[in-house]
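Following this note's numbering, the residues of the sequence shown are numbered contiguously, the last one being 238.
Don't be surprised by glycine CBs; every beta carbon is placed ideally from N, CA and C.
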Amino acid sequence: MKTTARSERRRFGARGFTLIELLVAIAILAVIAVLSWRGLDQIIRGRTTITNAMEDERVFAQLFDQMRIDARQAASDDEAGGEAAISVSGNTLQIVRHMVLPGTAPRLQVVRYQISNGRVVRYASPPLGNVGELQRALRGSVEGWSAVPLMSGVGAISARMYVPKLGWTTQMNDVQTAIMEAINNLKVPQLGNAPMPRSVTGLEVSVGATSLARPIKRVFLVGE
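Have a look at this one:
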């Protein structure tokens, strides 16, 4: 009988969780779940931010690297027929550059960086074989030119030119004045055999994008 009574007490004493204990456990699990979700959400957001930043950096590097190449291979004003090899007008940057194709003589090419529907597009003319073709390319449209989209989300693109003896300027009149001075110097007997100097030796490009708090600037040497 004693054994039976002890077994009965043990059986009735082995009870389950109460409702309050279950509610406390659920509340703790809910708090842990919320904290885990917030931490996971921050990790995902951080990874997205880093991915977007790396993509923006890659796009900017591609854009500025192409500009650097074009500026480095820029022709002289003399080779451009007395025209400015580097010119800026509004949101358009134009460069007359050398173009070397395998098995052919070096030719000139006109490239333009323009904004089209919020995207920077590099337009490149076909190889130019004479001064007449060059003049038409400088003053004509980009119809028939190759077009390569380089960067989207761009609000504005601007440039400054470095003119020796003057400094940085955004005015093409300053460039034209430097070209005319160089041409006049060639008429002086003592300077007639000297090569015509470049009117623009440096180029500063500023690109403003919707994803940027402020525009990004880069400086390039011209013809170096």
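Among Ala99, Pro141, Thr184, Gln185, which one has its Cα closest to the Cα of alanine 119? As a working mapping, residue 119 is identified with position 105 in the sequence shown. Selected option, being the one with the closest Cα: Pro141.
Take glutamine 269 as the anchor and find which of Met165, Met210, Met175, Leu180 has the nearest alpha-carbon. Examination of residue 269 is not possible in this model, given that the chain is present from 15 through 238 alone.
Please state whether DSSP places methionine 15 in a helix, a strand or coil. Along the sequence shown, one-based indexing puts residue 15 at 1. With a pLDDT of 49 at methionine 15, under the threshold of 50, the predicted position of this residue should be treated as unreliable, and no value is reported.
The stretch 206-220 contacting the stretch 151-165, beta-carbon criterion three pairs below 8 angstroms: no
What are the residues that DSSP puts in a beta bridge with arginine 121? Walking along the sequence shown from the start, residue 121 turns up at place 107. Arginine 121 pairs with Met113.
Per DSSP, what kind of secondary structure is glycine 158 in: helix, strand or coil? Locating residue 158 in the sequence shown gives position 144, counting from the first residue. Three-state result, glycine 158: coil.
Helix, strand or coil, according to DSSP, for glycine 96 in the structure here? Counting from 1 along the sequence shown, the entry for residue 96 is found at position 82. Coil at glycine 96, not helix or strand.
6 angstroms Cβ shell around phenylalanine 78 - same chain, five flanking residues per side excluded: Mapped onto the sequence shown, residue 78 falls at position 64. For phenylalanine 78, where only same-chain residues beyond five positions count, the Cβ hits under 6 angstroms are Arg232.
Candidates Leu37, Val48, Arg121, Gly154: closest to glutamine 87 by CA position: As a working mapping, residue 87 is identified with position 73 in the sequence shown. Closest option to glutamine 87, Cα to Cα, is Arg121.
Residues in its own chain within less than 8 angstroms of valine 189 by CB, not counting five upstream and five downstream? What you label residue 189 is simply residue 175 of the sequence shown in a count that begins at 1. Answer for valine 189: Ala98, Ile100, Ser101, Met175, Val177, Thr183, Ser213, Val214, listed in chain order.
Can you say whether alanine 75 is buried or exposed, counting buried as having 16 or more other CB atoms within 10 angstroms of its CB? Within the sequence shown, the letter at position 61 stands for residue 75. Classification of alanine 75: exposed, given that the 10 Å Cβ count is below 16.
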